[in-house]
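2 protein chains.
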Amino acid sequence: MSSTIKHRPTLTDIAERVGVTKMTVSRYLRDSNSVAPATRKKIAAVIDDIGYVPSRAPDILSNRSSKAIGILIPSLSNQVFASLIQGVESITKPAGYQTLMTHYGYSPEEEEKKIISLLSYHVDGLILTESIHTKRALKMLASANIPVVETIDLPERPIDMAVGLDHRAAAYELISRMIQNGRRHIVYFAARLDRRTQLRCEGYRQAMTENGLAVHVLSTQEHSSFTQGRLLMTQALVQYPELDGVFCTNDDLAIGAMMLCQEVGVEIPMQVAIAGCNALDIGKAISPTLASIETPREAMGRAAATLLLARLSGEVIKDPIQDVGYSIFAGKSLG
Amino acid sequence: MSSTIKHRPTLTDIAERVGVTKMTVSRYLRDSNSVAPATRKKIAAVIDDIGYVPSRAPDILSNRSSKAIGILIPSLSNQVFASLIQGVESITKPAGYQTLMTHYGYSPEEEEKKIISLLSYHVDGLILTESIHTKRALKMLASANIPVVETIDLPERPIDMAVGLDHRAAAYELISRMIQNGRRHIVYFAARLDRRTQLRCEGYRQAMTENGLAVHVLSTQEHSSFTQGRLLMTQALVQYPELDGVFCTNDDLAIGAMMLCQEVGVEIPMQVAIAGCNALDIGKAISPTLASIETPREAMGRAAATLLLARLSGEVIKDPIQDVGYSIFAGKSLG
DNA sequence: TTGTAAGCGTTATCAA
DNA sequence: TTGATAACGCTTACAA
Numbered sequence: 089m090s091s092t093i094k095h096r097p098t099l100t101d102i103a104e105r106v107g108v109t110k111m112t113v114s115r116y117l118r119d120s121n122s123v124a125p126a127t128r129k130k131i132a133a134v135i136d137d138i139g140y141v142p143s144r145a146p147d148i149l150s151n152r153s154s155k156a157i158g159i160l161i162p163s164l165s166n167q168v169f170a171s172l173i174q175g176v177e178s179i180t181k182p183a184g185y186q187t188l189m190t191h192y193g194y195s196p197e198e199e200e201k202k203i204i205s206l207l208s209y210h211v212d213g214l215i216l217t218e219s220i221h222t223k224r225a226l227k228m229l230a231s232a233n234i235p236v237v238e239t240i241d242l243p244e245r246p247i248d249m250a251v252g253l254d255h256r257a258a259a260y261e262l263i264s265r266m267i268q269n270g271r272r273h274i275v276y277f278a279a280r281l282d283r284r285t286q287l288r289c290e291g292y293r294q295a296m297t298e299n300g301l302a303v304h305v306l307s308t309q310e311h312s313s314f315t316q317g318r319l320l321m322t323q324a325l326v327q328y329p330e331l332d333g334v335f336c337t338n339d340d341l342a343i344g345a346m347m348l349c350q351e352v353g354v355e356i357p358m359q360v361a362i363a364g365c366n367a368l369d370i371g372k373a374i375s376p377t378l379a380s381i382e383t384p385r386e387a388m389g390r391a392a393a394t395l396l397l398a399r400l401s402g403e404v405i406k407d408p409i410q411d412v413g414y415s416i417f418a419g420k421s422l423g
Numbered sequence: 089m090s091s092t093i094k095h096r097p098t099l100t101d102i103a104e105r106v107g108v109t110k111m112t113v114s115r116y117l118r119d120s121n122s123v124a125p126a127t128r129k130k131i132a133a134v135i136d137d138i139g140y141v142p143s144r145a146p147d148i149l150s151n152r153s154s155k156a157i158g159i160l161i162p163s164l165s166n167q168v169f170a171s172l173i174q175g176v177e178s179i180t181k182p183a184g185y186q187t188l189m190t191h192y193g194y195s196p197e198e199e200e201k202k203i204i205s206l207l208s209y210h211v212d213g214l215i216l217t218e219s220i221h222t223k224r225a226l227k228m229l230a231s232a233n234i235p236v237v238e239t240i241d242l243p244e245r246p247i248d249m250a251v252g253l254d255h256r257a258a259a260y261e262l263i264s265r266m267i268q269n270g271r272r273h274i275v276y277f278a279a280r281l282d283r284r285t286q287l288r289c290e291g292y293r294q295a296m297t298e299n300g301l302a303v304h305v306l307s308t309q310e311h312s313s314f315t316q317g318r319l320l321m322t323q324a325l326v327q328y329p330e331l332d333g334v335f336c337t338n339d340d341l342a343i344g345a346m347m348l349c350q351e352v353g354v355e356i357p358m359q360v361a362i363a364g365c366n367a368l369d370i371g372k373a374i375s376p377t378l379a380s381i382e383t384p385r386e387a388m389g390r391a392a393a394t395l396l397l398a399r400l401s402g403e404v405i406k407d408p409i410q411d412v413g414y415s416i417f418a419g420k421s422l423g
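Those protein sequence lines, which keep their order, are chains A and B. Heads up: the first sequence runs through residues 89 to 423, numbered per the working numbering. Heads up: the second sequence runs through residues 89 to 423, numbered per the working numbering.
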């Protein structure tokens, strides 16, 4: 025997079938022991038959607590954010929070829209992955009055809380190491210009300048990919014949660059040293292994979620800005 | 002058400040010309100051239309689903629909939970990427009475509508081609056993058997990665000394396998031919290029969304099950 | 041009 | 043990 209702079943539908009021059914759902055993049985049977899914809307309306947190990521096709979300959910799920995840294609305007969309669902908190936001987004966040964690970066002027690392310093350290290894003609490969690409560029620039070396940046407006890495490397080999080092804003570009080198017979690391950023799995599977900046993405996700939940449970946060640090994976591509 | 309200601002908050009722503000928001110019100005000023975000909850409650559709993907770390979502959103966004995206780690039980979660937000329709569902999930979907499109696969018994391709046939065709090219000892690399991995295995098995060749499957329970591809290849080289072909359930495994071969001096395609599935960018950036099955993921996303929206606008669907086909990318790794 | 009332699904509160 | 009522934020329908 199956439902004869055509609309989405409600508490009232169940109640009518059982012959009680929706209040009794509501009680049953919160605690089945709070109704008489006979009633309990009947309700259980009907619910089992009817395919009931409680609506979140009334809860949201009255409670003002949605038990949902929003996560905004710039891109779905970047591994970096997948691990961040793993980290977040490893904390939020056990705590009974749902995550609403959206992406905004690296555009602040689109981010604004997605923030508004998440706020319209009354998320209890937000995790952002960018430190640059539109004025309107900032205003909406302010009046929503919910905890916000910015992550990956360490924003100059955080909205609320932040968990990230110093991308400029990481790039500086890596480039300095390349220079100490004797590289003199290092080019930086950039893709779409988000803030992190820029910060890494600053680190690169500083290290080069401090050592009296020339700064060379090659960039593409396309989103980064293996193919783009090949193209930039092709360009670099033509444009800078003395090239002996390449630093890429991420591993995709770096792997593409390596592949091109292998194809045209440029030896890595003998002729050219290559380094990327984020230390993805592929860099450890390729030969030579790819030097890269290890960013603790899952840990960042966990830390961000932990901060958010702490605030939601009313705790006082003593450390709202957390630097999780980085390390250098000294792959063989560095020489 | 900024808000002195601590709770999330509502229409009533705005109305009070302006000195009208919330109904007037509501009208202003739907059509600013429907209120008197003087009122209009005042409302605009307050809204600008207050950071108002309309709540979706009342809409959901009364209208029964949320203007949101749900998308369920098995994994965030698989490129395949990113392009599917691109395709979906290229249709839903212009139509004014939001997408709520969640992932379920290839687990039907988790999928069930996520389906329920999306239903609790009253999504107007759902796009699924798996053809196997729990009984409870099926029941919930049935009583929710919303359009559902299953995609990527072509389910044996579709819930409602479907857009996909025949993964078995694709694998069969690719393996047949490898056999025609003279390969005799082809091994299949499988990772976590979702239905598509299984279907491809069937295609492989059929092609091998029809040609009187031995079937060899190597699999890992880990999720697929470049590193897993290396491990499986290492194992294959030891276990099958006559090995002259490898077919991988996806490109990540295939690339990992290729990398290992390059490292240990196994020549591709001379000694071993390698093929993958999904034709990701990296397969076109590597040398030799990786043979693979091209699956029109973005097109699937568009088709799925188009079907869904058509149903939501009451159209009669003449073609609820669509086979979008596939093609073989004959990369150099095939020989 | 603006206001009033009712209702969407659920739960807290109070009553029986 | 169960029921009645009101409330959450917004819009539709009707009234002024």
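Built from N, CA and C at the ideal position, the CB exists for glycine as well. Being a predicted model, the structure only gives us computed values, none of them experimental.
For this session: For the alpha helix (DSSP H) containing Tyr260(B), list its first residue and its last residue.
Result: Residue mapping note: residue 260(B) aligns to position 172 of the second sequence, counting from 1. Segment His255 to Gln268, the alpha helix (DSSP H) holding Tyr260(B).
Exercise. In chain order, what residues of the same chain have a beta carbon less than 7 Å from the beta carbon of Leu396(B), not counting five sequence neighbours either side?
Worked result: Residue 396(B) sits at position 308 when you count from the first residue of the second sequence. Closer than 7 Å at Cβ, skipping near neighbours: Ile157, Gly213, Ile215, Pro235 and Val237.
Problem set entry | Candidates Ala367(B), Leu99(B), Arg105(B) and Arg128(B), of which the one nearest Ala258(B) by Cα | For the purposes of this step, residue 258(B) is identified with residue 170 of the second sequence, where counting begins at 1. Comparing Cα positions, the closest option is Ala367(B).
Exercise. What's the gap between the Cα of Met111(B) and the Cα of Leu99(A)?
Worked result: As a first step, residue 111(B) is located in the second sequence; it is residue number 23 there, counting from the start. As a first step, residue 99(A) is located in the first sequence; it is residue number 11 there, counting from the start. Rounded to the nearest angstrom, the two C-alpha atoms are 29 Å apart.
Problem set entry | Within chain A, the residues that Phe424(B) reaches when beta carbons sit closer than 9 Å | As shown, chain B starts at 89 and ends at 423. That puts residue 424(B) outside it, with no answer to give.
Exercise. Which residues in the same chain as Leu226(B) place their Cβ atom closer than 8 Å to its Cβ, once the five residues preceding and following it in sequence are excluded?
Worked result: As a working note, residue 226(B) is residue 138 in the second sequence. The answer, listed in chain order, is Ile247.
Exercise. In terms of residues, what are the limits of the beta strand (DSSP E) holding Leu226(B)?
Worked result: Start at 1 with the first residue of the second sequence, and residue 226(B) comes out as number 138. Taken as a continuous stretch (DSSP letters only), Leu226(B) belongs to no beta strand (DSSP E), being part of the alpha helix (DSSP H) at Lys223 to Ala232.
Exercise. Any idea what DSSP makes of Ser313(B), helix, strand or coil?
Worked result: Within the second sequence, the letter at position 225 stands for residue 313(B). Ser313(B): coil per DSSP, three-state reduction.
Exercise. Do you know whose CA, among Leu188(A), Ser165(A), Ala302(A) and Thr377(A), lies nearest Glu351(B)'s CA?
Worked result: Walking along the second sequence from the start, residue 351(B) turns up at place 263. Ranking the options by Cα distance to Glu351(B), first place goes to Thr377(A).
For this session: Could you work out which residues of chain A lie near Gly344(B), taking near to mean beta carbons separated by less than 7 Å?
Result: For the purposes of this step, residue 344(B) is taken as the residue at position 256 of the second sequence. In chain order: Ala373.
Exercise. If you draw a straight line from the C-alpha of Leu242(A) to the C-alpha of Ala342(A), how long is it?
Worked result: Taking the first sequence and counting its residues from 1, the one referred to as residue 242(A) is at position 154. Taking the first sequence and counting its residues from 1, the one referred to as residue 342(A) is at position 254. Going from the Cα of Leu242(A) to the Cα of Ala342(A) covers about 24 Å.
Exercise. Is Thr180(B) helix, strand or coil when you go by DSSP?
Worked result: Position 92 of the second sequence holds residue 180(B). Thr180(B): helix per DSSP, three-state reduction.
Problem set entry | Among Ala324(B), Gly419(B) and Ile267(B), the one whose alpha carbon lies nearest that of Thr297(B) | As a working mapping, residue 297(B) is identified with position 209 in the second sequence. Nearest of Ala324(B), Gly419(B) and Ile267(B) to Thr297(B), Cα basis: Ile267(B).
Exercise. Does any residue of chain B bring its CB to less than 8 Å from the CB of Lys420(A)?
Worked result: On the first sequence, residue 420(A) is found 332 positions in, with the first residue counted as 1. By this cut-off, Lys420(A) is not an interface position.
For this session: Could you tell me which chain A residues have their CB closer than 9 Å to the CB of Ile148(B), listed as they occur along the chain?
Result: As a working mapping, residue 148(B) is identified with position 60 in the second sequence. In chain order: Ser143, Arg144, Ala145 and Ile148.
Exercise. Contact check, Leu281(B) vs Arg256(B) under 8 Å by CB: the rounded distance?
Worked result: By one-based count along the second sequence, residue 281(B) stands at place 193. By one-based count along the second sequence, residue 256(B) stands at place 168. Their Cβ separation, rounded to whole angstroms, is 15 Å, which puts Leu281(B) and Arg256(B) out of contact at 8 Å.
Exercise. Do the CB positions of Val176(A) and Ile159(A) come within less than 8 Å of each other?
Worked result: Translated into positions along the first sequence, residue 176(A) becomes position 88. Translated into positions along the first sequence, residue 159(A) becomes position 71. Yes.
Exercise. Is Ser143(B) buried or exposed, if buried means 16 or more other CB atoms sit within 10 Å of its CB?
Worked result: Within the second sequence, residue 143(B) is the residue found at index 55, counting from 1. Buried, by the Cβ-count rule.
Exercise. Counting along the chain, where does the beta strand (DSSP E) carrying Cys336(A) start and finish?
Worked result: Here residue 336(A) is taken as the residue at index 248 of the first sequence, counted from 1. Segment Gly333 to Cys336, the beta strand (DSSP E) holding Cys336(A).
For this session: Determine which residues share a DSSP beta bridge with Cys365(A) and list them.
Result: As a first step, residue 365(A) is located in the first sequence; it is residue number 277 there, counting from the start. In the DSSP output, where bridge partners are listed per residue, Cys365(A) has Ile381(A).
Exercise. Taking 8 Å as the CB-CB limit, is Pro357(A) close to chain B?
Worked result: Residue mapping note: residue 357(A) aligns to position 269 of the first sequence, counting from 1. So no, Pro357(A) is outside the interface.
For this session: Check Pro131(A) in the structure and name its three-state DSSP category.
Result: Against the first sequence, residue 131(A) aligns to sequence position 43. The sequence shown places Ile at residue 131(A), rather than the Pro named in the question. The answer is helix: DSSP assigns Ile131(A) an H, G or I state.
Exercise. Taking DSSP as the reference, what is the three-state secondary structure of Gly371(B)?
Worked result: Sequence index remark: in the second sequence, residue 371(B) carries index 283 (1-based). DSSP places Gly371(B) in helix when its eight states are reduced to three.
Problem set entry | Residue closest to Gly364(B), alpha-carbon to alpha-carbon, out of His304(B), Ala391(B) and Thr285(B) | In the second sequence, the residue the question calls residue 364(B) occupies position 276. Among His304(B), Ala391(B) and Thr285(B), the Cα nearest to that of Gly364(B) is on Thr285(B).
Problem set entry | Whole-angstrom distance between Ile274(B) and Met358(B), CA atom to CA atom | For the purposes of this step, residue 358(B) is taken as residue 270 along the second sequence, with counting starting at 1. For the purposes of this step, residue 274(B) is taken as residue 186 along the second sequence, with counting starting at 1. Roughly 14 Å between the two C-alpha positions.
Exercise. Taking the alpha helix (DSSP H) that Gln294(A) falls in, what are its first and last residues?
Worked result: As a first step, residue 294(A) must be located in the first sequence, where it is residue number 206. Looking at the DSSP string, the run of the alpha helix (DSSP H) that includes Gln294(A) is Arg283 to Glu298.
For this session: Report yes or no: is there a C-beta of chain B within less than 8 Å of the C-beta of Lys94(A)?
Result: If you number the first sequence from 1, residue 94(A) lands on position 6. Yes, contact with chain B.
Problem set entry | Contact list for Gly139(A) against chain B, beta-carbon separation under 7 Å | One-based indexing of the first sequence puts residue 139(A) at position 51. Simply Lys227, Met228, Ala230 and Ser231.
For this session: Please look up how many angstroms separate the CB atoms of Met347(B) and Arg318(B), rounded, as I've assumed it's under 8 Å.
Result: Sequence index remark: in the second sequence, residue 347(B) carries index 259 (1-based). Sequence index remark: in the second sequence, residue 318(B) carries index 230 (1-based). Going by Cβ atoms, the distance from Met347(B) to Arg318(B) rounds to 6 Å, so yes, they are a contact pair.
For this session: Could you name the residues of the stretch 163-177 of chain A whose beta carbon sits closer than 7 Å to any beta carbon of chain B, in the order they occur along the chain?
Result: Leu164, Ser165, Gln167, Ala170 and Ile173
Exercise. Within the chosen definition, does the stretch 125-142 of chain B reach the stretch 175-194 of chain B through at least 3 CB pairs nearer than 8 Å?
Worked result: no
Exercise. List, in order along the chain, the chain B residues whose C-beta lies closer than 7 Å to that of Leu207(A)?
Worked result: If you number the first sequence from 1, residue 207(A) lands on position 119. Correct list: Val141.
Exercise. Any residues in the stretch 302-322 of chain B with a beta carbon nearer than 8 Å to a beta carbon of chain A? Which ones, in chain order?
Worked result: Ser313, Phe314, Thr315, Gly317 and Arg318
Exercise. What span of residues does the alpha helix (DSSP H) with Val352(A) cover, start to end?
Worked result: Along the first sequence, one-based indexing puts residue 352(A) at 264. Counting along the chain, the alpha helix (DSSP H) containing Val352(A) begins and ends at Asp339 to Val352.
Exercise. Which value, in whole angstroms, describes the spacing of the CA atoms of Ala126(B) and Val108(B)?
Worked result: Residue mapping note: residue 126(B) aligns to position 38 of the second sequence, counting from 1. Residue mapping note: residue 108(B) aligns to position 20 of the second sequence, counting from 1. Going by the C-alpha atoms only, they are around 12 Å apart.
Problem set entry | Of the listed residues Val412(B), Gly423(B) and Gln316(B), nearest to Val251(B) (C-alpha basis) | Locating residue 251(B) in the second sequence gives position 163, counting from the first residue. Out of Val412(B), Gly423(B) and Gln316(B), Val412(B) has the C-alpha closest to the C-alpha of Val251(B).
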